[in-house]
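**Q** Quick one: structure below, then a few questions.
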Amino acid sequence: MNADTATPQSSTADTASRRPLGAPSTAAIIDSLTALFGPDDEQIRSYASVIGGDPLTPSPHRLADATSAAIAAFGIQVAAVAESAGADPQTITVRAVDAIDQLRASYLTIVSGVPAPHLIEDPRALGNNDFYRCHDDRWIFLITTYAGLRDAVCKVLNCPPFPDRIAEAAAHWDAVALETAVCAAGGVAAVVRTAAQWRAHEVGIDLLARDIVEIDRIGDGPQTDLPAAASWPPLGGVRVTDLTHVIAGPVSTRLLATFGADVLHVSRPDNSDPNAMVVMTGGGKRNAFADLRDDHQRAAFSEVCAGSDVVVNSYRGIAERGFGAHDLAALRPGVVVCEYHCWGADGPWAERGGFDQLACSATGFAGSEAVNGRPSLPPTYLLNDYLAAYLGAAGMVAALRRRAAVGGSWRVRINLARVCMWVQDLGLFARDVVDDIPRPSAPTIGLQTVDSPFGVITEPGLPLSFDGVPTPVTGAPSPLGSSPLRW
């Protein structure tokens, strides 16, 4: 914000006495994000108010404050779209307890009485995702959720996919050697490092030099107003091609769909997310199949991209198929391209896959969460995926606003590990301050129920509200491949 601006774009209840010494307030965090999304943040009159704050969980990290700020920053960008069409400024309200529930949304989603994670086709696959102690007394996090990742781990360790056998085999390896071998075999893994070790590592150094969300102009394009900016919700008519998987990317496009965008999720028939993931992240979207190895389907996908306002991708190697950011900007001048990565698009680990848990492990976050000497994930289990979803969605809306103001094609980039480092930089509570706080259990956030082809879904509603207009309700998910590959 400019120093002469009359009011900041955020406020919080006074929780300063509970913040780590010298740590920024949640209001200051929101203002810094709004300035990052700029460049016209001083013209936005909508305002975010956060009720409550950390510590709310037995975590030394500011989980609620970080998530509240990301949610509020997204709300401000959406309200700014409506403002640009003459709407009154909005007051966006976020409850910190609801922000915590947003991090747990996957585990609070129920389908016809069954918790959504129980619908994973092979529930055992999730049970192998864990920290394993290595020969050099360091820890490594291994992920076997998908068949290819499981096969890579089992091939390197020469063992079957059972936790006890993986633990036995990992104990014969030095941690960094195992990390290198698993990643070279096409799997994913991350050694548990300290924050200092990570920030001295070449990948940590590279990421620290980047913004939390990177927004860059990558080409020319016409000034294009958002077609439904004067309506509510204001993203109606915005076409979004969703080429993402797992949580971060799909949740970001679900947010755009909730606020009116026409989102077409595209996946390969033989490499789609499990139905449980579609239920948790697919609300309000259509679903089409495309195999870009097939010339006919690649041409049809190209036509979809040519008609898109936004293309969101979280797959490595898409540029090799001719759909990198600059390819898309040439195909569709004025497009907004959003890319989700874990370790950086062009850094030392650009070719490595990554997940939320691996970002926590590598950056030192899991070490700070350690319990009885064993590294741990946050009490919410997931963190970076949902933070990146809200930050990425905010970045995409900000880029659409830039396109309306000055034209151009834009690229938005978010890296899970960089998001995790941002949370670390917000300050740490002493363990004796948080250790006796109970872990989150029953949700406090309002739940919504929607009929769907998968059954009746009960899930957390949006963790933000707007003054004077209704909070949108997310639509039902659709089955994979149930829509044609076209607008």
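1 is the number of the first residue of the sequence shown in the UniProt record's numbering; add one for each residue after it.
Built from N, CA and C at the ideal position, the CB exists for glycine as well.
Closest to residue 153 by CA distance: which of 180, 135, 137, 138 is it?
**A** The alpha carbon of residue 153 has as its nearest neighbour, out of 180, 135, 137, 138, the alpha carbon of 180.
**Q** Going by DSSP, which residues form a beta bridge with residue 239?
**A** 262
**Q** Have a look at the DSSP bridge pairing and note the partners of residue 139.
**A** DSSP lists 133 as partners of residue 139.
**Q** Looking at the secondary structure, which residues open and close the beta strand (DSSP E) in which residue 554 lies?
**A** The question about residue 554 has no answer, for the chain in this structure spans 1 to 487.
**Q** Could you give the C-beta distance for residue 126 and residue 182, rounded to a whole number, given that I count them as a contact under 8 Å?
**A** Actually they do not touch by this definition, with Cβ atoms about 18 Å apart.
**Q** Let's test the definition: count the other Cβ atoms within 10 Å of the Cβ of residue 335 and tell me whether it reaches 16, buried, or not, exposed.
**A** Buried.
**Q** Please list, in chain order, all residues of the same chain as residue 289 whose beta carbon is under 6 Å from its beta carbon, the five residues on each side excluded.
**A** 269, 481
**Q** Judging by CA-CA distance, which residue of 128, 188, 424 is the nearest neighbour of residue 148?
**A** Check the Cα spacing between residue 148 and each of 128, 188, 424: the tightest is with 188.
**Q** Return the CA-CA distance between residue 483 and residue 267, expressed in angstroms with no decimal places.
**A** 11 Å
**Q** If you reduce the DSSP assignment to three classes, tell me which class residue 377 lands in.
**A** coil
**Q** Roughly how many whole angstroms lie between the Cα atoms of residue 96 and residue 106?
**A** Their backbone Cα atoms lie some 18 Å apart in a straight line.
**Q** How many whole angstroms separate the CB atoms of residue 37 and residue 73, which I take to be in contact at a CB cut-off of 8 Å?
**A** 7 Å
**Q** Check whether the segment 313 to 327 touches the segment 238 to 251, counting contact only when three or more Cβ pairs, one atom from each stretch, lie closer than 8 Å.
**A** yes
**Q** Going by DSSP in three states, residue 459 sits in which element: helix, strand or coil?
**A** strand
**Q** Along the chain, where does the alpha helix (DSSP H) containing residue 447 start, and where does it finish?
**A** First-last for residue 447: 447 to 452, but that is the beta strand (DSSP E), not the alpha helix (DSSP H).
**Q** Compute the distance between the beta-carbons of residue 262 and residue 240, then report whether it is under 8 Å.
**A** In this structure, residue 240 lies closer than 8 Å to residue 262 by Cβ.
**Q** Identify the continuous beta strand (DSSP E) that holds residue 339 and give its terminal residues.
**A** For residue 339, the enclosing beta strand (DSSP E) begins and ends at 336 to 341.
**Q** Under the rule that 16 or more other beta-carbon atoms within 10 Å means buried, what is residue 109, buried or exposed?
**A** buried
**Q** State the DSSP-derived secondary structure class of residue 84, mapped to helix, strand or coil.
**A** helix
**Q** In terms of residue numbering, what span does the beta strand (DSSP E) encompassing residue 32 cover?
**A** Where residue 32 is concerned, there is no enclosing beta strand (DSSP E), although the alpha helix (DSSP H) it sits in stretches over 26 to 37.
**Q** Taking all protein chains shown into account, do 16 or more other C-beta atoms lie within 10 angstroms of the C-beta of residue 25, making it buried, or fewer, making it exposed?
**A** buried
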